[in-house]
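The next block holds one structure in the form of structure tokens; read it before the comments.
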Amino acid sequence: MSSFNDKPKKFQRLKHKYRLVILNDDTFEEKVSLRLSRLNVFVVVGISSLVLILLVIMLIAFTPLREFIPGYANVTVRKQGVENYMKTDSLEIALSNNNLYIDNLKHIIQGEPIEFSEEKFIDTNVNYKNITNRPIPEDSVLRNMIESEEKYNLFNDAGSNPGKISSFIFFTPLKGSVTNRFNIRKEHYGIDVVAPKNEAIKATLDGTVIFAEWTAETGYVIQLQHADNIVSIYKHNSVLHKKVGDHVQAGEVIAIIGNSGELSTGPHMHFELWYNGIPINPEDYMMF
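So this is what it looks like as structure tokens:
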């Protein structure tokens, strides 16, 4: 019972009034007089501490002072980190594409089949069901503006995007009849063209000879490296007129049609066209 009575007494002590007086030491004149209690002192000190803490937090959070805190990276370092991450990601994609391109070239040179899957080049995460072909007004306005500007531009395809394969003018390497067409599913990455005996085979574009050798399966083979990662391949030749390292012009004779190699079924030319390590149909770009 006595402990219960002590609690009100302690609270009363907190409310007990005191007077703080500041006197002149020489004249004992009263300069300042304050009437205080312990409770008032605790409240004032607590509120002052909270305000001070909030001011310090705001000062650190919204001013450059936060950069001086150990372990806190400044804005420049974080920006450089993001830029480096984006560059690294782009380099990884470019390296992967280059590795695919080089691997395909090795398979071509060695006469080995190439694993080609359309799924590698299709984004399977995209939901195409919600895509409509209905043009929006802004799209129609933009199309009309571009069409009006490019209407009389005779060199639109060739000049707008030099790296696009459709901008190249291909020279037909051999005039004849196409007996076996391009078919990726059957791993036939080119076309077979039949022509008269001893007919000359010509380069389809300006380029450099990167392979000119005999192979058991496809006979005399010559390969040309062209601009923008385009490679042309000519197989089953009887004679090669160029060697590795030679520079050739479009339409220049590089070989003679033949019937060489174990896979040949008669005098013809097997012609392949590759772009960025991917086989494409030559008949889409030239007439035979």
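Residue 337 is where the sequence shown ends in my numbering, and the numbering goes up by one at each step. The beta-carbon is built from N, C-alpha and C at its ideal position, and this holds for glycine as well.
1) In the region 205-265, which residue ranges form an unbroken beta strand (DSSP E) of at least 3 residues, counting only runs that do not cross its ends?
2) Just to confirm, is the Cβ distance from V70 to E78 under 8 Å?
3) Sorted by chain position, which residues of the same chain lie with C-beta nearer than 7 Å to R84's C-beta, five sequence neighbours on each side aside?
4) I'd like the span of the alpha helix (DSSP H) that includes V93, first residue to last.
5) For E301, which of helix, strand or coil comes out of DSSP?
6) Assign G310 to buried or exposed, taking buried as 16 or more other Cβ atoms, counted over all protein chains shown, within 10 Å of its Cβ.
7) Pop quiz: V242 and S216 are said to be a contact at Cβ under 8 Å. What is the actual Cβ separation, rounded to whole angstroms?
8) Closer than 6 Å by C-beta to R230: which residues in its own chain qualify, once you throw out the five before and the five after it? Chain order, please.
9) Leaving out the 5 sequence neighbours to the left and right, which residues in its chain are closer than 7 Å to Y324 when beta-carbon positions are compared?
10) Applying the criterion that 16 or more other CB atoms from any shown protein chain within 10 Å of the CB defines a buried residue, is G95 buried or exposed?
11) Tell me the residue span of the beta strand (DSSP E) that contains K66.
12) Under 8 Å, with one C-beta from each stretch per pair, do the region 315-322 and the region 136-154 reach the 3-pair mark?
Result, derived from the coordinates:
1) 226-229, 239-243, 249-251, 256-264
2) no
3) K66, R68
4) 87-110
5) coil
6) buried
7) Not a contact, Cβ separation roughly 24 Å.
8) I240
9) I214, N278, I279
10) exposed
11) 66-72
12) no
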